[in-house]
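Trainee: What follows is a structure written as structure tokens; I'll ask about it next.
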Amino acid sequence: MATTIKEIAGMLGLSVATVSRSLNDKSDISERTKEKVKELARKLDYQASEIARGLVLQRTNTFGLLISDFAHPFYAEIVQKIEEIAKKNGYAIIVSAPEELQDKIQELRNRKVDGLIIGHISHNQNLNYLWKLKEDKFPFVVFGNIEPIETDYVTVGRAKGTYLAIKHLIDLGHKKIGYLCLPPGKG
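In this text, residue positions in the sequence shown follow my numbering: the first is 64, and each later residue adds one.
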């Protein structure tokens with residue numbers, strides 16, 4: 064059975080708050096007390112309960128990352144970078160490629176994630192679930208191939224990218240330049 068903060072506090076004759084603050088390296092606890100607490104915690108192989116911490120702090124340090132197409136190299140690289148940055152900042156992510164985005168969003172909200180990153184929304188997709196998130200003031204950001212909507216989003220500056228590509232070709236001396244693109248909602 065796992066050791067609890069309460070048990071460590073009882074063994075050392077300290078309050079649960081003092082043990083918690085010692086384990087979290089708070090400045091208002093003496094170095095001597097911190098060392099005693101940490102040493103006993105190591106001996107007892109104490110592992111912090113993320114569930115208990117989430118209840119106390121009212122956050123889980125977890126967010127959902129929903130992407131429709133993991134096979135696409137663009138998204139694979141983005142997922143890797145998001146995981147890397149999340150880990151550096153003490154966050155865990157739940158990555159999913161849901162068939163039904165609205166159901167998965169509700170499932171993640173039920174799991175008490177702190178926010179959502181939603182990738183690649185198609186142009187013809189029903190966006191009601193986004194308006195519900197916004198109405199509930201639930202933190203989320205959308206990225207990928209979307210038209211601007213009334214929410215936070217990150218997307219590629221296609222017009223400027225196209226301009227720079229064509230300018231580069233002209234600067235190289237090319238005069239006959241072709242341009243191919245997918246119809247709206249297909250890219």
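Where is the CB? At the ideal position from N, CA and C, for every residue including glycine.
Is I233 near I180, with beta carbons less than 8 Å apart?
Mentor: On the sequence shown, position 170 is the one that residue 233 refers to. On the sequence shown, position 117 is the one that residue 180 refers to. No, these two residues do not count as a Cβ contact at 8 Å.
Trainee: Alpha carbon to alpha carbon, how far is P136 from E98? Give it in angstroms, no decimals.
Mentor: Counting from 1 along the sequence shown, the entry for residue 98 is found at position 35. Counting from 1 along the sequence shown, the entry for residue 136 is found at position 73. In a straight line, the C-alpha of E98 is about 47 Å away from that of P136.
Trainee: Alpha carbon to alpha carbon, what distance is there between G153 and T125?
Mentor: The count along the sequence shown starts at 1 and reaches residue 125 at position 62. The count along the sequence shown starts at 1 and reaches residue 153 at position 90. Computed Cα separation, rounded: 9 Å.
Trainee: Since I believe R84 is in contact with I92 (beta carbons under 8 Å), could you give me their beta-carbon distance rounded to a whole number of angstroms?
Mentor: On the sequence shown, residue 92 is found 29 positions in, with the first residue counted as 1. On the sequence shown, residue 84 is found 21 positions in, with the first residue counted as 1. Right, the Cβ-Cβ distance comes to about 5 Å (below 8 Å), so this counts as a contact.
Trainee: Quick check for students: name the residue ranges of the beta strand (DSSP E) that lie wholly in the region 93 to 162, counting only runs of 3 or more.
Mentor: Those beta strand (DSSP E) runs which fall completely within the region 93 to 162 and span 3+ residues are 125 to 129, 155 to 159.
Trainee: Whole angstroms are fine: how far does the CA of H231 sit from the CA of K239?
Mentor: Here the question's residue 239 lines up with position 176 in the sequence shown. Here the question's residue 231 lines up with position 168 in the sequence shown. Rounded to the nearest angstrom, the two C-alpha atoms are 13 Å apart.
Trainee: How is the beta strand (DSSP E) around V176 delimited, first residue to last?
Mentor: Along the sequence shown, read from residue 1 onward, the residue named residue 176 stands at position 113. V176 -> no beta strand (DSSP E), and no H or E assigned at all.
Trainee: Pull up the distance between the alpha-carbon of K69 and that of A160, whole angstroms please.
Mentor: By 1-based counting over the sequence shown, the position of residue 69 is 6. By 1-based counting over the sequence shown, the position of residue 160 is 97. Going from the Cα of K69 to the Cα of A160 covers about 40 Å.
Trainee: Taking just the CA atoms, how far does E198 sit from N173?
Mentor: If you number the sequence shown from 1, residue 173 lands on position 110. If you number the sequence shown from 1, residue 198 lands on position 135. Answer to the nearest angstrom: the Cα atoms are 17 Å apart.
Trainee: How far does the beta strand (DSSP E) with F203 in it extend, from its first residue to its last?
Mentor: Position 140 of the sequence shown holds residue 203. Looking at the DSSP string, the run of the beta strand (DSSP E) that includes F203 is 203 to 206.
Trainee: Where does G127 land, buried or exposed, given buried means 16+ other C-beta within 10 angstroms?
Mentor: Walking along the sequence shown from the start, residue 127 turns up at place 64. Counting Cβ neighbours within 10 Å, G127 comes out buried, since at least 16 surround it.
Trainee: Counting only the same chain and skipping the five closest in sequence on each side, list residues whose C-beta sits under 8 Å from that of G182.
Mentor: In the sequence shown, counting from the first residue as 1, residue 182 sits at position 119. Excluding sequence neighbours, G182 sits near L128, L129, I130, S131, Y138, I141, V205, F206, G207.
Trainee: Between D177 and P202, is the Cβ-Cβ spacing less than 8 Å?
Mentor: As a first step, residue 177 must be located in the sequence shown, where it is residue number 114. As a first step, residue 202 must be located in the sequence shown, where it is residue number 139. It is a contact, given that the beta carbons lie within the stated cut-off.
Trainee: Just list the residues that DSSP pairs V217 with in beta bridges.
Mentor: Stepping through the sequence shown from its first residue, residue 217 is reached at position 154. According to DSSP, V217 bridges with F206.
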